[in-house]
Amino acid sequence: MCIIFSFIINLIRLILNFVMRKKSSINSQWNKQDHEYNVEKFYNLQNNSEPVYLNFGYYIDGKNNNGKNDNMTDLIYDNVNIDNNSIVLDVGCGFGLSCISNSHKYNCKIIGVDCVNQHITESMKITNNQISELLSGKSKLNSGLVYGSATKLLNYFPINSFSHIISIEGGNHYNTRYKFLEDSYILLKQNGKLSMTEILKTSTAPSILGYIMAKAWRCPIDNIITTEELVNQLIEIGFKNITIKDISNNVFEEYYLNNFTDKVNHKKRYGIVHYFKIIVDYSLFKFYRFGYCKYVVIIATK
Ligand SMILES: C[S@@+](CC[C@H](N)C(=O)[O-])C[C@H]1O[C@@H](n2cnc3c(N)ncnc32)[C@H](O)[C@@H]1O
7 MCIIFSFIIN LIRLILNFVM RKKSSINSQW NKQDHEYNVE KFYNLQNNSE PVYLNFGYYI
67 DGKNNNGKND NMTDLIYDNV NIDNNSIVLD VGCGFGLSCI SNSHKYNCKI IGVDCVNQHI
127 TESMKITNNQ ISELLSGKSK LNSGLVYGSA TKLLNYFPIN SFSHIISIEG GNHYNTRYKF
187 LEDSYILLKQ NGKLSMTEIL KTSTAPSILG YIMAKAWRCP IDNIITTEEL VNQLIEIGFK
247 NITIKDISNN VFEEYYLNNF TDKVNHKKRY GIVHYFKIIV DYSLFKFYRF GYCKYVVIIA
307 TK
């Protein structure tokens, strides 16, 4: 059984590596052996020609869900009392759409970090000087983006810089989430808040399917943990007032019902990559339905 699974994984990896090599015309700052290089190649496959949200979306019962991605960022930002004095770091910010919209909504300063060059448009990229100005609140800019890694944050920002750190669906990819949490703790001001969404497993039992999903999604295995394990990590690092809310129903269930048919109908758009995305989406949905994983919002205080 294991030999068959490992054969399938390696076959999928070979096909993906072949496709990625063809499609990765990326101007990358990462070395080939860096984890971020693989994540960057993975996201470049999506070939988005314009800025889009990359999260699943938060579907609110009984509402027109055109704004599902805004609902998700609202949920994460609104929960942590951001105001016009806040200085926010949005890690794994994707194209930075939530940085732009929320910096205006709250009249605060927001810096986004993402490890995919294609996500960081030139007009949003900021220099070290601009980072300092934003952190001191003196900048005329409301927001800006840094092409960097979630686990190299201490290279870009001084300690105790931020009132809030946000991460929407990035944690599973970071190398590792634990390192990101440790650095976030250092970068937050006293009583600063961490607010993030994560996909977590529901059982500590090892799962071959979980392993395949993690590999396909470029997630280090150490990141595939349960809610209890994540809470223990947060406590170990020093966070307090930790709250966890399971919102799987409003995310996985509705994402699948709203998007899957559409994706299947547009399968020709990205060819083989699109088939791969359909398989990954469907597997995640089945995973959730079988009770193997959940989608949670986590808030913690330094
Ligand atoms: C699921 S997307 C979510 C993007 C965005 N938060 C949103 O809601 O649209 C995860 C993002 O995390 C970024 N990411 C993954 N690993 C990263 C890392 N090690 N450092 C920085 N960003 C990373 C990816 O490039 C991607 O943009």
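First residue of the sequence shown: 7, per our numbering; consecutive thereafter. Each residue gets a CB set at the ideal place from its N, CA and C atoms; glycine is no exception.
{"Query": "Residue environment, ALA306, which counts as buried when at least 16 other CB atoms sit within 10 Å", "Result": "buried"}
{"Query": "Distance between PHE186 and GLU235 (C-alpha atoms, nearest Å)", "Result": "15 Å"}
{"Query": "For PHE293 and GLY6, the rounded distance between their alpha carbons", "Result": "No answer is possible for residue 6: it lies beyond the span of the chain, which begins at 7 and ends at 308."}
{"Query": "SER145 versus ASN135 - alpha carbon distance", "Result": "10 Å"}
{"Query": "Cβ-heavy atom distance, ASN134 to ligand 1, below 7 Å", "Result": "no"}
{"Query": "Spatial distance of ALA220 from TYR83 (CA atoms)", "Result": "27 Å"}
{"Query": "Unbroken stretches of the beta strand (DSSP E), 3 residues or longer, contained in the region 105-187", "Result": "115-120, 149-153 and 168-174"}
{"Query": "Candidates SER289, HIS280, TYR162 and SER138: closest to GLU259 by CA position", "Result": "SER289"}
{"Query": "Reference ASP120; option with closest CA among LYS300, ILE132, TYR112 and ILE218", "Result": "ILE132"}
{"Query": "Beta strand (DSSP E) segment containing ILE88, residue limits", "Result": "ILE88 -> no beta strand (DSSP E), and no H or E assigned at all."}
{"Query": "Proximity of SER167 and MET202 at Cβ, strictly below 8 Å", "Result": "no"}
{"Query": "Nearest-angstrom Cα separation, counted from GLU242 out to TYR191", "Result": "11 Å"}
{"Query": "Anticipated Cβ contact below 8 Å, HIS41 with ASN197, distance rounded", "Result": "32 Å between Cβ atoms; not a contact."}
{"Query": "Residue closest to LEU206, alpha-carbon to alpha-carbon, out of TYR217, TYR261 and SER107", "Result": "TYR217"}
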